[in-house]
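Worksheet for the structure shown next.
Number of protein chains: 2
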Amino acid sequence: MKPTLQTVADAVGVSRSTVSNAYSRPDQLSPALREKIHEAARRLGYPGPDPTARSLRRGRVGAIGVLFTSALSYAFTDPYAVQFLRGIAETAERHGSGLLLVPLSESEEEAGIQAVRNAAVDGFCVYCVPAWHGALDVTRSRGLPTVAAERPAEVGPETMYVGIDEVAAARTVGGHLARLGHRRVAVVSDFLVAQRRTGPVSVADPAEIRYDVTRERLRGFAEGLAEGGVGWSDLLLCNAGTNSRAEGARAAEYALDRVDRPTAVLAVTDLLALGVLDALAARGLRPGRDVSVTGFDDIPEATAAGLTTIRQPAVEKGAIAGRLLLEPPEDPAARQVLLPTDLVVRASTGPVERK
Amino acid sequence: MKPTLQTVADAVGVSRSTVSNAYSRPDQLSPALREKIHEAARRLGYPGPDPTARSLRRGRVGAIGVLFTSALSYAFTDPYAVQFLRGIAETAERHGSGLLLVPLSESEEEAGIQAVRNAAVDGFCVYCVPAWHGALDVTRSRGLPTVAAERPAEVGPETMYVGIDEVAAARTVGGHLARLGHRRVAVVSDFLVAQRRTGPVSVADPAEIRYDVTRERLRGFAEGLAEGGVGWSDLLLCNAGTNSRAEGARAAEYALDRVDRPTAVLAVTDLLALGVLDALAARGLRPGRDVSVTGFDDIPEATAAGLTTIRQPAVEKGAIAGRLLLEPPEDPAARQVLLPTDLVVRASTGPVERK
DNA sequence: TAGCCCTTCTGGATCGATACAGTACGCCGG
DNA sequence: CCGGCGTACTGTATCGATCCAGAAGGGCTA
């Protein structure tokens with residue numbers, strides 16, 4: 001049998017409570033006895049209070065849960081996600097909390113929901129989970145503090161989030177390209193439609209896009225491009241099955257292989273944009289000359305690739321998310337954070353070539 | 001008051017056990033009653049059985065803990081670590097388990113030890129934690145299944161690990177350089193000495209190096225280089241404060257700025273090697289021509305950088321570690337896994353230039 | 001020496017669920 | 001009409017700790 005508090009208590013000849021105090025409130029007993037207890041614990045191989053039992057009684061776990069849409073394993077393939085995680089991790093670490101990564105595979109929604117039900121945590125951070133995912137209802141009903149990693153569509157006074165002004169940021173991208181003279185424009189994005197298919201899709205109105213971030217960014221793209229007289233219906237929309245480099249390349253093919261090839265391809269994330277660049281390279285097209293390409297997020301790789309993109313402070317975003325959970329500010333207004341963004345112009349965008 | 005099983009039971013007019021069964025063993029009650037219970041739960045806002053209480057009673061948590069030496073936040077900066085994590089994550093996900101990242105800051109060992117004590121998990125994966133770290137004693141005393149991400153110095157019949165033959169792999173690196181004619185050789189590595197300082201250090205014998213992986217790799221380097229008559233004492237050892245690109249560059253400076261500049265720099269990880277390349281670039285030195293550089297791990301960036309390195313299957317390593325924890329093989333021999341490695345020769349190594 | 005406080009330790013209640021043995025009841029064959 | 005069996009549900013013990021009101025004992029003041 002594994003030793004418990006009681007085992008140690010019996011060995012020393014004190015009560016269970018006293019042993020408990022030896023661990024959790026060392027000031028409540030004499031140093032001599034405390035030492036005697038620790039010594040006995042060592043001898044018996046007692047590893048200290050059982051975390052599960054302790055959590056049950058205390059009502060605090062010492063871990064925060066991070067929900068990812070995509071299969072947990074994807075989380076680590078997107079550098080932007082990794083940076084965000086790093087930010088949360090730093091904060092959690094300072095608080096002595098762990099980070100519980102909760103898998104939310106999309107194919108089996110029920111499994112993800114179960115995972116959220118079973119997650120022993122003190123709060124949730126919701127990262128890139130579409131608003132309609134059932135797991136969100138569970139986080140809500142569990143009544144734990146929850147922070148979203150982007151501004152949700154509906155914001156109540158209790159809602160906590162840390163995000164950016166997606167529309168405004170995307171608008172600067174659109175405007176930048178409009179001013180460069182781009183009129184034939186394609187957009188590469190995931191979540192344009194409900195299905196996970198790769199290829200051109202038609203969407204009558206951005207409002208039809210269900211995934212918040214995608215919708216806002218596309219809206220912003222369109223608003224910016226309107227400066228050059230490009231309307232929503234002029235956009236060539238290419239859906240990517242997932243947010244990955246390979247899918248970015250595949251989705252871009254449908255645009256690049258047209259006879260009326262677009263002069264610019266706007267990707268909704270850097271990862272997709274890198275894929276678009278791959279597709280260009282495979283066709284011998286020069287980014288910024290033959291076709292302009294933009295991304296979103298400014299991941300480290302974007303610098304090397306010379307990608308024009310929107311910079312947002314990913315690590316800081318994570319850190320703030322962690323802080324909102326672990327030391328929630330009194331002031332409700334401070335629980336809703338919008339971070340600044342910048343358009344970073346690099347070589348992947350340039351003026352339309354005159355023919 | 002938050003609703004519990006009892007609340008729901010009272011509302012429906014059945015016993016607590018029955019409600020519990022409705023969630024955990026749906027086959028134990030009639031469909032009609034089950035639906036009635038779920039309906040009542042929904043009405044009352046009962047989110048399902050409390051994970052903590054359930055874990056206590058069941059004795060199973062549904063999460064595995066991953067221990068990192070370096071501050072949790074570093075974990076995400078090393079692509080190799082990220083890949084390993086991805087491998088574990090995939091396995092965990094399939095088992096419906098979460099992944100609890102446990103911070104082990106090195107500056108405050110006690111904090112890390114507490115974190116391990118408090119971690120509510122079913123098993124531990126120990127990743128790059130030096131053998132002398134106090135947290136390892138705690139994992140042992142907790143009596144949970146534990147798998148190491150490298151072969152430990154002492155292997156008992158119960159020990160589980162998934163690693164590579166570090167010495168043999170490093171030997172191929174040393175041999176490769178020896179055959180290219182390199183005789184003046186520097187090594188860039190973290191953990192060469194106990195202190196976290198950056199710069200040249202002297203170590204009389206590899207056996208003095210406390211950190212297992214570092215010791216084995218250096219031993220291997222030396223064995224391989226011996227083929228060219230290079231002895232241990234001929235090696236110029238440069239310690240890096242951490243396993244990071246920046247420290248790799250800083251440590252390399254001490255070697256590169258000498259009058260008798262080494263013709264080859266062996267780094268103990270790819271991340272450090274990339275830093276060495278940075279240092280070369282800053283001095284206008286050509287990798288593979290003026291100075292040969294090698295890494296270890298074959299992270300994705302190594303390909304682009306043209307780095308000669310040792311490939312080891314990082315994702316698979318993680319996946320196996322996860323499998324050892326979640327579905328431990330009957331056969332004890334199968335609990336100790338050594339994966340194959342390859343020397344990948346790229347442009348960063350070349351023959352010594354004749355003067 | 002009585003009265004009081006303070007420190008140190010105790011015991012029982014409690015956190016919220018699950019395990020398991022047991023009860024009630026309906027149905028079947030003989 | 002009875003024993004036997006399977007299904008549907010109940011009740012109590014239990015997981016391993018923490019909380020909190022209170023007891024014991026020692027020292028200090030009046």
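The listed protein sequences derive, respectively, from chains A and B.
For the first sequence, position 101 (counting from the first letter as 1) is numbered 101 according to UniProt numbering, and the numbering increases by one without interruption.
For the second sequence, position 277 (counting from the first letter as 1) is numbered 277 according to UniProt numbering, and the numbering increases by one without interruption.
For every residue, glycine included, the Cβ atom is placed at its ideal position computed from N, Cα and C.
This one's a predicted model, so the numbers in the text were calculated from it and none came from an experiment.
Item to complete: Give every residue of the same chain whose Cβ lies closer than 6 Å to the Cβ of residue 356 of chain B, excluding the five residues on either side of it in the sequence, and list them in chain order.
Response: With chain B covering 1 to 355 only, the question about residue 356 of chain B has no answer from this structure.
Worksheet item: What residue from B:Glu223, B:Thr139, B:Ala251 and B:Arg60 has the CA that sits closest to B:Thr159's CA?
Response: Numbered from 1 along the second sequence, position 159 holds the residue referred to as residue 159 of chain B. Looking at the Cα atoms, B:Thr139 is the closest of the given residues.
Worksheet entry | Cα-Cα separation between A:Val155 and A:Glu301, rounded to whole angstroms | By 1-based counting over the first sequence, the position of residue 155 of chain A is 155. By 1-based counting over the first sequence, the position of residue 301 of chain A is 301. A:Val155 and A:Glu301: Cα-Cα distance of roughly 33 Å.
Practice prompt. Identify which residue in B:Gln83, B:Ile88, B:Phe221 and B:Ser244 has its Cα closest to the Cα of residue 361 of chain B.
Written response: The structure shown does not extend to residue 361 of chain B, since chain B is modelled only from 1 to 355, so the question has no answer here.
Worksheet item: Under three-state DSSP, which class holds B:Val19?
Response: For this step, residue 19 of chain B is matched to residue 19 along the second sequence. Helix at B:Val19.
Discussion item. Considering only the alpha carbon of each residue, which of A:Ile113, A:Ala246 and A:Arg94 lies closest to A:Val102?
Written reply: On the first sequence, residue 102 of chain A is found 102 positions in, with the first residue counted as 1. Among A:Ile113, A:Ala246 and A:Arg94, the Cα nearest to that of A:Val102 is on A:Ile113.
Worksheet item: With distances taken between CB atoms, is the gap from A:Pro262 to A:Val185 smaller than 8 Å?
Response: Here residue 262 of chain A is taken as the residue at index 262 of the first sequence, counted from 1. Here residue 185 of chain A is taken as the residue at index 185 of the first sequence, counted from 1. In contact: A:Pro262 and A:Val185 (Cβ atoms closer than 8 Å).
Worksheet entry | Minimum C-alpha distance to A:Leu324 - residue among A:Asp257, A:Arg151 and A:Gln336 | Within the first sequence, numbered from 1, the residue matching residue 324 of chain A stands at position 324. Here the closest residue by C-alpha is A:Gln336.
Fill in: Residue closest to B:Leu192, alpha-carbon to alpha-carbon, out of B:Thr341, B:Ala149 and B:Val268
On the second sequence, residue 192 of chain B is found 192 positions in, with the first residue counted as 1. Taking only the C-alpha atoms, the option nearest B:Leu192 is B:Val268.
Discussion item. Would B:Asn118 pass as an interface residue toward chain A - the criterion being a Cβ-Cβ separation below 8 Å?
Written reply: As a first step, residue 118 of chain B must be located in the second sequence, where it is residue number 118. Interface residue, yes.
Worksheet entry | Cα-Cα separation, A:Ala22 to B:Thr69 | For the purposes of this step, residue 22 of chain A is taken as the residue at position 22 of the first sequence. For the purposes of this step, residue 69 of chain B is taken as the residue at position 69 of the second sequence. Spanning the two alpha carbons is a distance of roughly 28 Å.
Fill in: Through-space distance from B:Ile310 to B:Tyr161, alpha-carbon basis
On the second sequence, position 161 is the one that residue 161 of chain B refers to. On the second sequence, position 310 is the one that residue 310 of chain B refers to. Straight-line Cα distance between these residues: approximately 20 Å.
Discussion item. Give me the subset of the segment 131 to 150 of chain B whose CB atoms are less than 8 Å from a CB atom of chain A, sorted by chain position.
Written reply: Val138, Ser141, Arg142 and Gly143
Worksheet item: To which residues does DSSP link B:Leu336 through a beta bridge?
Response: Numbered from 1 along the second sequence, position 336 holds the residue referred to as residue 336 of chain B. Rather than Leu, the amino acid found at residue 336 of chain B in this sequence is Gln. Answer is B:Tyr161, bridged to B:Gln336.
Worksheet item: Taking DSSP as the reference, what is the three-state secondary structure of A:Ala148?
Response: As a working mapping, residue 148 of chain A is identified with position 148 in the first sequence. Residue state, collapsed to three classes: strand.
Practice prompt. Quick one: list the residues of chain B neighbouring A:Ser20, beta-carbon separation under 8 Å, in chain order.
Written response: For the purposes of this step, residue 20 of chain A is identified with residue 20 of the first sequence, where counting begins at 1. Under the 8 Å cutoff, chain B gives no residues; its nearest Cβ is about 14 Å from A:Ser20.
Item to complete: Taking B:Leu218 as the query, report the chain A residues whose CB atoms sit under 8 Å from its CB, ordered along the chain.
Response: Indexing the second sequence from 1 puts residue 218 of chain B at position 218. Under the 8 Å cutoff, chain A gives no residues; its nearest Cβ is about 29 Å from B:Leu218.
Worksheet item: Does the count of Cβ pairs from the segment 33 to 48 of chain B and the segment 267 to 285 of chain B closer than 8 Å reach three?
Response: no
Discussion item. Per the DSSP calculation, A:Gly306 is bridged to which residue(s)?
Written reply: The sequence position of residue 306 of chain A within the first sequence is 306, counting from 1. According to DSSP, which records beta bridges pairwise, A:Gly306 is partnered with nothing at all.
Fill in: Delimiting residues of the alpha helix (DSSP H) encompassing B:Ala120
As a position in the second sequence, residue 120 of chain B is number 120, starting the count at 1. Element bounds for B:Ala120: n/a, residue is neither H nor E.
Fill in: Assumed close pair A:Glu150, A:Gly163 - CB separation to whole angstroms, cut-off 8 Å
Translated into positions along the first sequence, residue 150 of chain A becomes position 150. Translated into positions along the first sequence, residue 163 of chain A becomes position 163. Yes, they are in contact, since the Cβ atoms of A:Glu150 and A:Gly163 sit about 4 Å apart, within 8 Å.
Worksheet entry | Residue range of the alpha helix (DSSP H) that includes A:Val173 | Position 173 of the first sequence, counted from the start, is the residue given in the question as residue 173 of chain A. Unbroken alpha helix (DSSP H) run through A:Val173: Glu166 to Arg179.
Worksheet item: Under 7 Å Cβ-Cβ, which residues of chain A neighbour B:Thr52?
Response: Locating residue 52 of chain B in the second sequence gives position 52, counting from the first residue. Here the neighbours are Thr52, Ser55, Leu56, Val61 and Ala120.
Item to complete: On the DSSP bridge assignment, give the partners of B:Phe68 in chain order.
Response: Locating residue 68 of chain B in the second sequence gives position 68, counting from the first residue. Paired residues: B:Tyr127.
Worksheet item: If you count every other CB in all the chains shown that lies within 10 Å of the CB of A:Lys317, and 16 or more means buried, which is it?
Response: Translated into the one-based positions of the first sequence, residue 317 of chain A becomes position 317. Per the 10 Å Cβ criterion, buried.
Practice prompt. Going by CA-CA distance only, name the one from B:Tyr254, B:Gly181, B:Asp165 and B:Pro145 that's closest to B:Val201.
Written response: In the second sequence, residue 201 of chain B corresponds to position 201, counting from 1. It is B:Tyr254.
Worksheet item: By Cβ distance, which residues of its chain are closer than 8 Å to B:Gly205, with the 5 residues on each side in sequence left out?
Response: Here residue 205 of chain B refers to the residue found at position 205 of the second sequence. First, the residue type needs correcting, since residue 205 of chain B is Asp and not Gly in the sequence shown. These residues qualify, in order along the chain: Trp232.
Practice prompt. Anything in chain A within Cβ reach of residue 356 of chain B, meaning under 9 Å, just list it in chain order.
Written response: This structure cannot settle anything about residue 356 of chain B, because the visible part of chain B is limited to 1 through 355.
Item to complete: With B:Thr52 as the anchor, note down where its alpha helix (DSSP H) starts and where it stops.
Response: Walking along the second sequence from the start, residue 52 of chain B turns up at place 52. It spans Pro51 to Arg58 - the alpha helix (DSSP H) in which B:Thr52 sits, taken as one unbroken run.
Worksheet item: Could you give the residue range of the beta strand (DSSP E) that holds B:Ala153?
Response: For the purposes of this step, residue 153 of chain B is taken as residue 153 along the second sequence, with counting starting at 1. Run containing B:Ala153: none; DSSP gives neither H nor E here.
Item to complete: Using three-state DSSP, classify B:Ala186 as helix, strand or coil.
Response: In the second sequence, residue 186 of chain B corresponds to position 186, counting from 1. It is a strand residue.
Practice prompt. Count the other CB atoms, across all protein chains shown, that sit within 10 Å of the CB of A:Leu338; report buried if there are 16 or more and exposed otherwise.
Written response: Locating residue 338 of chain A in the first sequence gives position 338, counting from the first residue. So A:Leu338 ends up on the exposed side.
Practice prompt. Can you tell me which of the three DSSP states B:Val345 falls into?
Written response: On the second sequence, position 345 is the one that residue 345 of chain B refers to. Looking at B:Val345 - three-state DSSP - the assignment turns out to be coil, as it is neither helix nor strand.
Practice prompt. Identify the continuous alpha helix (DSSP H) that holds B:Ala207 and give its terminal residues.
Written response: Against the second sequence, residue 207 of chain B aligns to sequence position 207. Here B:Ala207 belongs to no alpha helix (DSSP H), and DSSP marks it neither H nor E.
Worksheet entry | Pair within 8 Å by beta-carbon distance, B:Pro329 and B:Tyr211 | Here residue 329 of chain B refers to the residue found at position 329 of the second sequence. Here residue 211 of chain B refers to the residue found at position 211 of the second sequence. The answer is no: Cβ separation not under 8 Å.
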